[in-house]
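> So that we are looking at the same thing, I have put the structure below in structure tokens.
So this is what it looks like as structure tokens:
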């Protein structure tokens with residue numbers, strides 16, 4: 517039988533108000549030898565502040581810790597569990613959401629934090645989790661490196677999937693540009709599409725995209741994106757595509773990793789069929805003759821089989 521989080525969690529909780537400065541919060545963490553603080557307002561828990569939040573949202577961004585308030589940096593969308601939750605369930609939740617600290621809430625008093633569960637706490641009773649923790653840390657470093665790189669043959673940055681932040685509305689052209697990039701990567705050497713990072717390498721996140729869906733969450737975003745790829749590029753190409761939701765510098769983005777396809781990929785848009793290839797840091801449309809030459813060179817076996825069937 518799996519252990520429960522109440523048997524492993526750290527019960528020492530330090531809470532501070534959201535109007536304290538980051539500098540003051542850092543001093544508190546150092547004084548108590550802890551790596552996270554619960555942020556509590558007058559009547560309710562408002563969020564959590566971790567060492568990683570301070571490093572990624574303050575230090576890495578060059579912000580002044582003496583001026584910046586805790587409420588501006590904390591994670592306000594609190595993911596938590598109850599003390600009777602199993603260690604297995606809690607660890608899956610933490611790995612899925614890429615978080616290392618999990619508040620344990622009182623089921624009878626929703627705004628009372630009973631303890632904090634860390635991945636390190638779980639690793640002490642489940643050593644096999646250490647490999648997953650190291651993998652998570654490697655992925656974090658990888659995505660932080662990736663968002664700083666310029667757009668290239670293998671990297672495209674998009675601020676949004678379909679929400680136009682300037683006009684404050686849905687924009688079908690933004691979605692088309694994302695799908696165009698996926699199609700071009702499939703037809704070339706593969707690559708990464710990062711949604712939630714603008715072309716100046718600023719991580720803006722995808723919260724505004726979430727709000728365009730009825731369920732306003734990651735699952736709705738992912739289901740929509742995968743369905744659009746399926747409908748407009750084709751189910752056969754989904755096996756080359758992996759969608760994940762990392763959180764570089766504390767903001768959730770969408771990473772669409774695309775492997776090169778073993779056959780041509782076409783994008784269907786407004787009753788027309790398009791063929792895109794990655795060229796430098798852009799996705800270039802090929803005309804009929806260019807497409808034919810490219811496909812014969814890149815997929816000679818596939819094209820020969822196709823011609824044999826149609827002959």
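In this note's numbering, the protein residues as written are 517 to 827. By construction, the Cβ of each residue, glycine as well, lies at the ideal position given by its N, Cα and C atoms. Here the structure is a predicted model, which means the values were calculated and not measured.
Can you find the residues in the same chain that come closer than 8 Å, C-beta to C-beta, to residue 559, ignoring five residues on each side of it along the sequence?
Around residue 559: 627.
> Under the rule that 16 or more other beta-carbon atoms within 10 Å means buried, what is residue 674, buried or exposed?
Residue 674 comes out buried.
> Starting from residue 798, follow its DSSP beta bridges and name the residues at the other end.
BP columns for residue 798 point to 795.
> With DSSP as the reference, identify every bridge partner of residue 730, one or two as the case may be.
DSSP output for residue 730 lists no bridge partner at all.
> Can you tell me whether residue 525 is buried or exposed, with buried defined as 16 or more other CB within 10 angstroms of its CB?
Per the 10 Å Cβ criterion, buried.
> Quick check on DSSP: helix, strand or coil for residue 720?
Correct three-state label for residue 720: coil.
> Just tell me which of 668, 734 and 745 has its CA closest to the CA of residue 760.
Here the closest residue by C-alpha is 734.
> Can you tell which of 749, 794, 754 and 689 has the C-alpha that lies nearest to the C-alpha of residue 784?
Considering only alpha carbons, the answer is 749.
> Return the CA-CA distance between residue 609 and residue 806, expressed in angstroms with no decimal places.
Cα to Cα, residue 609 sits roughly 48 Å from residue 806.
> Pick helix, strand or coil for residue 531, following the three-state DSSP scheme.
Here residue 531 sits in strand by DSSP.
> Tell me where the beta strand (DSSP E) around residue 672 begins and ends.
First-last of the beta strand (DSSP E) with residue 672: 671-674.
> Tell me the rounded alpha-carbon separation between residue 614 and residue 762.
Cα-Cα distance, rounded: 7 Å.
> So, helix, strand or coil for residue 645, using DSSP?
Residue state, collapsed to three classes: helix.
> How far does the alpha helix (DSSP H) with residue 754 in it reach, from first residue to last?
No alpha helix (DSSP H) contains residue 754, which DSSP labels as neither H nor E.
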